[in-house]
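To start, the structure under review is shown below, and the notes come after it.
There are 2 protein chains.
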Amino acid sequence: MQPELSLAEFAATAQPSETALDMMRLSLMDWAACGLAGVSEPLAKILRDKGLGEGGAPQASVIGGGKLPAPRAALINGAISHALDYDDTHFAHIGHTSVGVIPAALAIAEAEGASLEAFLDACLIGSEAAVRVGVWLGRDHYQVGYHQTATAGAFGATLAALRLMGADPAQVVGALGLASTKAAGLKAQFGTMGKPLNAGLAAETGVEAATWAMAGLTSTNAGLRAFGATHHGMADATAFDGLGEVWRMEAVSHKFHACCHGLHAMLEAMGQIDVAAADVAAVQITTHPRWMTVCNQPAPTTGLAAKFSYAQTAAMALLGIDTSAIASFTDEIANAPDVVALRTRVAVQADPDLTEMQAEVRIVLHDGTHMDATYDLAAPLPMTQRAEKLRRKAVGLLGDMRADALWSVTDLDALTAILRA
Amino acid sequence: MQPELSLAEFAATAQPSETALDMMRLSLMDWAACGLAGVSEPLAKILRDKGLGEGGAPQASVIGGGKLPAPRAALINGAISHALDYDDTHFAHIGHTSVGVIPAALAIAEAEGASLEAFLDACLIGSEAAVRVGVWLGRDHYQVGYHQTATAGAFGATLAALRLMGADPAQVVGALGLASTKAAGLKAQFGTMGKPLNAGLAAETGVEAATWAMAGLTSTNAGLRAFGATHHGMADATAFDGLGEVWRMEAVSHKFHACCHGLHAMLEAMGQIDVAAADVAAVQITTHPRWMTVCNQPAPTTGLAAKFSYAQTAAMALLGIDTSAIASFTDEIANAPDVVALRTRVAVQADPDLTEMQAEVRIVLHDGTHMDATYDLAAPLPMTQRAEKLRRKAVGLLGDMRADALWSVTDLDALTAILRA
Numbered sequence: 001m002q003p004e005l006s007l008a009e010f011a012a013t014a015q016p017s018e019t020a021l022d023m024m025r026l027s028l029m030d031w032a033a034c035g036l037a038g039v040s041e042p043l044a045k046i047l048r049d050k051g052l053g054e055g056g057a058p059q060a061s062v063i064g065g066g067k068l069p070a071p072r073a074a075l076i077n078g079a080i081s082h083a084l085d086y087d088d089t090h091f092a093h094i095g096h097t098s099v100g101v102i103p104a105a106l107a108i109a110e111a112e113g114a115s116l117e118a119f120l121d122a123c124l125i126g127s128e129a130a131v132r133v134g135v136w137l138g139r140d141h142y143q144v145g146y147h148q149t150a151t152a153g154a155f156g157a158t159l160a161a162l163r164l165m166g167a168d169p170a171q172v173v174g175a176l177g178l179a180s181t182k183a184a185g186l187k188a189q190f191g192t193m194g195k196p197l198n199a200g201l202a203a204e205t206g207v208e209a210a211t212w213a214m215a216g217l218t219s220t221n222a223g224l225r226a227f228g229a230t231h232h233g234m235a236d237a238t239a240f241d242g243l244g245e246v247w248r249m250e251a252v253s254h255k256f257h258a259c260c261h262g263l264h265a266m267l268e269a270m271g272q273i274d275v276a277a278a279d280v281a282a283v284q285i286t287t288h289p290r291w292m293t294v295c296n297q298p299a300p301t302t303g304l305a306a307k308f309s310y311a312q313t314a315a316m317a318l319l320g321i322d323t324s325a326i327a328s329f330t331d332e333i334a335n336a337p338d339v340v341a342l343r344t345r346v347a348v349q350a351d352p353d354l355t356e357m358q359a360e361v362r363i364v365l366h367d368g369t370h371m372d373a374t375y376d377l378a379a380p381l382p383m384t385q386r387a388e389k390l391r392r393k394a395v396g397l398l399g400d401m402r403a404d405a406l407w408s409v410t411d412l413d414a415l416t417a418i419l420r421a
Numbered sequence: 422m423q424p425e426l427s428l429a430e431f432a433a434t435a436q437p438s439e440t441a442l443d444m445m446r447l448s449l450m451d452w453a454a455c456g457l458a459g460v461s462e463p464l465a466k467i468l469r470d471k472g473l474g475e476g477g478a479p480q481a482s483v484i485g486g487g488k489l490p491a492p493r494a495a496l497i498n499g500a501i502s503h504a505l506d507y508d509d510t511h512f513a514h515i516g517h518t519s520v521g522v523i524p525a526a527l528a529i530a531e532a533e534g535a536s537l538e539a540f541l542d543a544c545l546i547g548s549e550a551a552v553r554v555g556v557w558l559g560r561d562h563y564q565v566g567y568h569q570t571a572t573a574g575a576f577g578a579t580l581a582a583l584r585l586m587g588a589d590p591a592q593v594v595g596a597l598g599l600a601s602t603k604a605a606g607l608k609a610q611f612g613t614m615g616k617p618l619n620a621g622l623a624a625e626t627g628v629e630a631a632t633w634a635m636a637g638l639t640s641t642n643a644g645l646r647a648f649g650a651t652h653h654g655m656a657d658a659t660a661f662d663g664l665g666e667v668w669r670m671e672a673v674s675h676k677f678h679a680c681c682h683g684l685h686a687m688l689e690a691m692g693q694i695d696v697a698a699a700d701v702a703a704v705q706i707t708t709h710p711r712w713m714t715v716c717n718q719p720a721p722t723t724g725l726a727a728k729f730s731y732a733q734t735a736a737m738a739l740l741g742i743d744t745s746a747i748a749s750f751t752d753e754i755a756n757a758p759d760v761v762a763l764r765t766r767v768a769v770q771a772d773p774d775l776t777e778m779q780a781e782v783r784i785v786l787h788d789g790t791h792m793d794a795t796y797d798l799a800a801p802l803p804m805t806q807r808a809e810k811l812r813r814k815a816v817g818l819l820g821d822m823r824a825d826a827l828w829s830v831t832d833l834d835a836l837t838a839i840l841r842a
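Which chain is which? The protein sequence lines are A and B, in order. Counting along the first sequence from 1, when you hit position 50 you're at 50 in the working numbering, and nothing is skipped either side. Just add 421 to the spot in the second sequence (first one is 1) and you have the working numbering.
If you want it as structure tokens, here you go:
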């Protein structure tokens, strides 16, 4: 079946699994916590000031306060929620699904007066579509320099919006065509505000493409294929297998450390070893080759660079510095003498037999003995345990009161009121 | 020099030639006439309704009435002005420069309270940049499926906005970075409303990228290079040669026939031959091979398809049907018996020795004699003659009174008042 038709059928008829919906709800809570914590970032101020200065119909809430037309709210919320780079990741295509999809779904849900349940359902449809489209585009697309969060995310955001609007298959196909001519986003933005902006662009594209198509703006019927053909897509024929039956969003990953996701398996493994920093003679970390060029800075001097360093974060973990706290990634801690002394004892090597979600850690003690641990981010994490970890993360980001309020939300108005507060 | 720095220096220091400014003024008049004529197209109604429904600060005029925030006005005006596909073309990169660049410049000029002269200067800087970037991206970029009007146009629109905002070189480089992560647009949209939408997206990207960068949103410093590397760009090292000294916009082409630009050289050649349709036994048209797959429909049955047919438009011209009038491209005329009878006598052949701007016509009469004519769109057309032809075109599109009002504009407020009327 043509990919546009697969997605159209999915948007019109899919019945989400309970597990996928439970996972989506956790991702939603995590997204909201990251968004609220991100509102003090410089990017947030720039985009909020510009958007609120332009104003317009108060269709949809903006994180940090105010309401704006749906496309603008989606753009701003997407960018703000990705500002800390602490939101969820899906490793199937390597993209952040929530920051592109949820802001689009939220803006349309508010504009349409949808229920919290319908909103959550749309988030899941859009997120699942983003992962599937990302797999369909494939690794070439990512490796050549496209940011899947932005590109696959734009198609997912479009599907989320369409699900809420009750689009028929022809409207879905048309909206995907419009998304294909607007979707964009480059990895060259990594390390700049352009990266979170990309997430906002995906959300905006979803809202615009869906509302334009529903209003009768015509487009190509082969949008996704045209996008793939021009954007180094691999057109992986298996990408849509089991769509609507198998929910890849059940395997989404959440960040429990405020740094690059490539460091997380190592940090989880490190957490299994109970050792005093003073006893450590050397640390050997083994990881997937991909991460060697992503997050292996040996001697970072800034808090931002520390987020991309095995040596730094391993030393922090051994010294008991909380790697889940945004506040632990400062220039001061990056240059702290005890951290610097310890990180020089960390060696990192690649092993292609590991997956991108696995890491091995060996800690050699001064007495010559060693302690080993491994971790696989793909290993099942029971839902209650995941929920507990995400709630603790929210408390760390927002404090007890706001985290409690967020986690006890039962309707859409309550959620948007918290996001605006 | 890095392409971003070439463009930054150009935006900051260029002194336009008088000829280029004169040509830009003609393109501006032509753009406005096409935009005002396009306001009754279905696309215009959809985008105007949505935009005016969202509302917001009245920063910039919308063609057909109303004012909206600058990015939204740019999007709508770009799309409306390309709805008839009757605006100018530059053959160096094959793109429509005005529809991407002018709406961005206009929105920023209004928001900043610029003079008509400063606005015109910015239009030229942006248009020249769009052509240069298009040449830098090259034919591969176009052939693989990108719409240069949208992609190169977005960078041109960005430069036009920055010129009006008095950006320094670092701000230009930053804005190009932001444009690189938002610029998009596929040729797969040809034949749908997505094509004019692409022009609007370029204009919107220009406004957004420029204002975001001026507000401090950070981005990659190698945006254009990153865009080229991912979007099948050829990085033609000669593309920026003579930038600021040689003005390629002096060679922009204007449409004097309401159909595909690939037909225009043939129609101009046909116009040189004085013959009665009843005397014509056969017509032989010779054109560049490129156009054989673009505008060589032998037997169109709709007005839209007629715009892409040598046989149809040649027959129309011989029968005295005005090919400069939008109203001549109807389903009825496409199927008129006299046109259909005559177009069957038209044969079209390709000759790679011709340029894309040249055509040859031979008309064979019933008495066995023949008459020949050739035309080259690149041949110099004296400025006064071009102005006269464009003014006649505007009269055809708008009527005498509105065309006169447009052509006698001396300040920006007068221009925007006409566009809103």
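Every residue gets a Cβ at the ideal spot worked out from N, C-alpha and C, and that includes glycine.
Given T707(B) as reference, the closest of H511(B), T734(B) and P773(B) once Cα atoms are compared: P773(B)
Inter-residue spacing [alpha-carbon to alpha-carbon] between G56(A) and L775(B): 53 Å
DSSP three-state assignment for I321(A), whether helix, strand or coil: coil
Among G665(B), S730(B) and I529(B), nearest to L833(B) - alpha-carbon criterion: I529(B)
As assigned by DSSP and simplified to three states, the class of G667(B): According to the sequence displayed, residue 667(B) carries Val and not Gly. In the structure shown, V667(B) sits in a strand (DSSP, three-state: E or B).
Partners in chain D for I467(B), counting only beta-carbon separations shorter than 8 Å: Of the protein chains in this structure, namely A and B, none is chain D.
Collapsed DSSP secondary structure at G429(A) in the structure displayed: In this structure chain A extends from 1 to 421, so residue 429(A) is not present and cannot be described.
Beta-carbon contacts of A429(B) that lie in its chain and below 7 Å, excluding the five residues immediately before and after: P590, V593 and V594
Within-8 Å CB hit, A609(B) to chain A: yes
Interface flag, N198(A) vs chain B, CB-CB below 8 Å: yes
C-alpha distance - A421(A) paired with S40(A), whole-angstrom precision: 13 Å
Listed by chain order, chain B residues near S180(A) by CB distance under 9 Å: A605, L607, A609, Q610 and G615
Short CB-CB distance (under 8 Å) between E462(B) and chain A: no
Run of the beta strand (DSSP E) containing I363(A), from where it starts to where it stops: Q358 to L365
Range covered by the beta strand (DSSP E) that runs through H791(B): H791 to D797
Test item: CB-CB of S98(A) and S27(A) under 8 Å: yes
Residue from L505(B), A453(B), H562(B) and G559(B) whose Cα sits closest to the Cα of C544(B): A453(B)
Members of the region 129-151 of chain A near chain B, C-beta cut-off 7 Å: V144, G145 and Y146
Distance between A535(B) and V88(A) (C-alpha atoms, nearest Å): For the record, residue 88(A) in the displayed sequence is Asp; it is not Val. One C-alpha to the other measures close to 45 Å.
Contact set for L263(A): own chain, Cβ-Cβ below 7 Å, skip 5 residues either direction: H257, C295, Y310 and T313
Any C-beta of chain B under 8 Å from that of T293(A): no
Contacts of A73(A) in chain B (Cβ-Cβ under 9 Å): In chain order: nothing, as chain B lies at least about 11 Å away.
Which of helix, strand or coil DSSP assigns to T218(A): coil
Touch test, the region 424-444 of chain B against the region 548-562 of chain B, Cβ-Cβ under 8 Å, three pairs minimum: yes
T149(A) - containing alpha helix (DSSP H), residue span: Q148 to M165
Buried/exposed call for S829(B), threshold 16 Cβ in 10 Å: exposed
Near-chain A residues of the region 585-599 of chain B (beta-carbon distance less than 8 Å), N- to C-terminal order: G598 and L599
T19(A), enclosing alpha helix (DSSP H) - first and last residue: E18 to G38
CB contact check: T795(B) to chain A, cutoff 8 Å: no
C-beta atoms of Q358(A) and H288(A) nearer than 8 Å: yes
Any C-beta of chain B under 8 Å from that of T158(A): no
Spatial distance of A808(B) from F512(B) (CA atoms): 20 Å
Check whether A604(B) and T572(B) have beta carbons under 8 Å apart: yes
T330(A) to K307(A) span [Cα, whole Å]: 10 Å
First and last residue of the uninterrupted beta strand (DSSP E) at I706(B): V701 to T708
Test item: CB-CB of F540(B) and L558(B) under 8 Å: no
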